[in-house]
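Peer 1: Quick one: the structure is below, questions incoming.
2 protein chains.
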Amino acid sequence: MRQETRREEIINTAAKLFKEKGYSAVTMRDLAAEMGIKAASLYNHISSKQEILKEIIISLAENFTKGMQNIKQANISNIDKLEKVVQLHVDITANNTYGMASLNNDWMHLEEKRDYYLALRAAYENDFRNVLIDGVNKGEIVNVNIEVMLFSVLSTLRSLYLWIPKKEDLDTQLLSSQLSKVLINGINI
Amino acid sequence: MRQETRREEIINTAAKLFKEKGYSAVTMRDLAAEMGIKAASLYNHISSKQEILKEIIISLAENFTKGMQNIKQANISNIDKLEKVVQLHVDITANNTYGMASLNNDWMHLEEKRDYYLALRAAYENDFRNVLIDGVNKGEIVNVNIEVMLFSVLSTLRSLYLWIPKKEDLDTQLLSSQLSKVLINGINI
DNA sequence: CCATTAAACTAACACTTGTTAGTTTGCTTG
DNA sequence: CAAGCAAACTAACAAGTGTTAGTTTAATGG
């Protein structure tokens with residue numbers, strides 16, 4: 001386990017506070033107090049509050065993009081692809097529960113990188129949609145409204161950060177497989 | 001269609017802005033500008049920024065509570081109860097897309113009413129959980145991890161506000177039935 | 001036509017915000 | 001030991017914050 005730099009400590013602490021109160025409600029003085037230093041000292045390590053948010057969100061978004069690239073070009077069924085997507089979300093979220101809150105709720109405060117983030121997200125949703133469409137065409141997935149299926153599954157995956165921290169010793173493998181079953185097969189007998 | 005009071009106009013406009021930027025990032029001057037007046041003039045109609053948030057969130061939360069009371073005491077199967085819950089979410093969200101964003105993301109800024117909100121939400125989740133448990137016990141619902149099923153379905157329903165506004169002429173009845181199918185039966189063949 | 005009233009206004013307040021400049025502290029290493 | 005440096009500090013700033021006080025405006029109804 002590599003040692004965290006001071007900069008990374010600040011970013012991780014910020015992510016935690018951003019999850020609790022949202023980006024706008026967290027002041028640089030709040031963040032400094034949580035680190036046990038004065039606000040001005042933060043600027044030895046980061047260049048602005050903006051930059052902290054950017055670091056949190058963009059790295060996560062790029063992780064999702066990378067994961068999706070691998071999955072879409074794999075030579076497996078579309079149901080299997082969906083299971084891989086579920087696992088991708090569980091893994092990334094388990095490793096950065098705090099950051100996922102910012103990704104979901106504070107991306108609109110990104111300013112310069114906002115459009116880049118939105119482009120990544122749109123591409124991701126589109127890749128996801130294509131898995132569903134191909135699955136329907138090949139008879140692997142039931143033929144109901146694609147947008148409703150996309151919305152339903154993706155909403156659950158995007159909300160994972162709200163639930164994962166509650167678990168103590170999380171078995172990501174187990175959660176991922178249970179979640180896949182529920183999302184794919186539903187809940188009725 | 002009853003005429004909106006000036007107060008209600010302010011609260012609805014605030015909800016719209018809160019959805020776009022979050023409660024903390026919206027200033028009273030932003031809100032006033034959107035209404036075409038000066039910030040100080042808002043205080044002829046509301047007593048504080050806090051109060052606006054409270055009005056938005058608490059009324060919605062109480063609507064959910066009321067709806068759940070009706071559903072839990074109905075003499076129908078647990079699967080039917082779930083369908084009613086889906087419809088409840090679709091109806092409330094379709095009628096107040098903006099407010100639902102605050103309910104989901106800004107409840108932590110409620111201050112005095114925060115604990116009351118959290119109590120309502122915990123009770124709601126518990127009623128929801130009991131429908132699932134009773135369904136499993138009666139063999140209507142598959143016996144997998146209750147918390148995973150609860151999380152999955154509730155996350156989708158709570159995220160509805162992000163998707164509903166995109167539809168132009170929304171048929172809530174249709175959306176509700178499609179969503180129920182996906183959530184209950186899953187997406188595979 | 002005058003009194004009332006809803007709803008706007010201007011001006012100002014005390015405080016908080018992100019950030020900068022310049023300085024001090026205390027380790028690490030040649 | 002001296003030099004270098006990472007990382008803290010104090011002090012201050014300009015702008016923005018929610019809110020109050022007191023005043024003006026324009027429409028309404030007896």
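Going down the list, the protein sequences come from chains A and B. Mind the numbering: the first sequence is residues 1 to 189 in UniProt numbering, read in order. Mind the numbering: the second sequence is residues 1 to 189 in UniProt numbering, read in order. Ideal Cβ placement from N, Cα and C applies to all residues, glycine included. Quick caveat, the model's predicted, so the values are computed rather than measured.
1. Give every residue of the same chain whose Cβ lies closer than 6 Å to the Cβ of residue 180 (chain B), excluding the five residues on either side of it in the sequence, and list them in chain order.
2. Using three-state DSSP, classify residue 63 (chain B) as helix, strand or coil.
3. Across which residues does DSSP place residue 141 (chain B) in a beta bridge pair?
4. Beta carbon of residue 35 (chain A), beta carbon of residue 52 (chain A): below 9 Å?
5. In three-state DSSP terms, what is residue 5 (chain A)?
6. Is DSSP giving residue 192 (chain B) helix, strand or coil here?
7. Quick check: the Cα distance between residue 144 (chain B) and residue 178 (chain A), rounded to an integer number of angstroms?
8. Please tell me whether residue 23 (chain A) has its Cβ less than 9 Å away from any Cβ of chain B.
9. How about the stretch 86 to 104 of chain A and the stretch 36 to 44 of chain A: do they share at least three Cβ pairs that are nearer than 8 Å?
10. Looking at chain B, is there any beta carbon in it that lies within less than 9 Å of the beta carbon of residue 188 (chain A)?
11. Given a threshold of 16 other Cβ atoms within 10 Å of its Cβ, counted over all protein chains shown, does residue 137 (chain B) qualify as buried or as exposed?
12. Out of curiosity, what's the CA-to-CA distance linking residue 146 (chain A) and residue 135 (chain A)?
13. Grab me the residues of residue 150 (chain A)'s own chain with a C-beta within less than 8 Å of its C-beta, minus the 5 sequence neighbours each way, in chain order.
14. Would you call the stretch 13 to 28 of chain B in contact with the stretch 94 to 113 of chain B, where contact means no fewer than 3 C-beta pairs closer than 8 Å?
15. What does a CB cutoff of less than 6 Å around residue 203 (chain B) pick up in its chain, not counting 5 residues either side in sequence?
16. Whole angstroms is fine: what's the gap from residue 110 (chain B)'s alpha carbon to residue 109 (chain A)'s?
17. For residue 45 (chain B), which residues from the same chain have a beta carbon less than 7 Å from its beta carbon, with the 5 sequence-adjacent residues on both sides left out?
18. Kindly indicate the opening and closing residues of the alpha helix (DSSP H) around residue 89 (chain A).
Peer 2: If we stick to the structure as given:
1. 83, 86
2. helix
3. A:188
4. no
5. coil
6. In the structure as shown, chain B begins at 1 and stops at 189. Residue 192 (chain B) is therefore absent and cannot be evaluated.
7. 8 Å
8. yes
9. no
10. yes
11. exposed
12. 10 Å
13. 125, 128, 129, 132
14. yes
15. Any property of residue 203 (chain B) remains undetermined from this structure, which presents chain B solely from 1 to 189.
16. 22 Å
17. 6, 7, 10
18. 78 to 95
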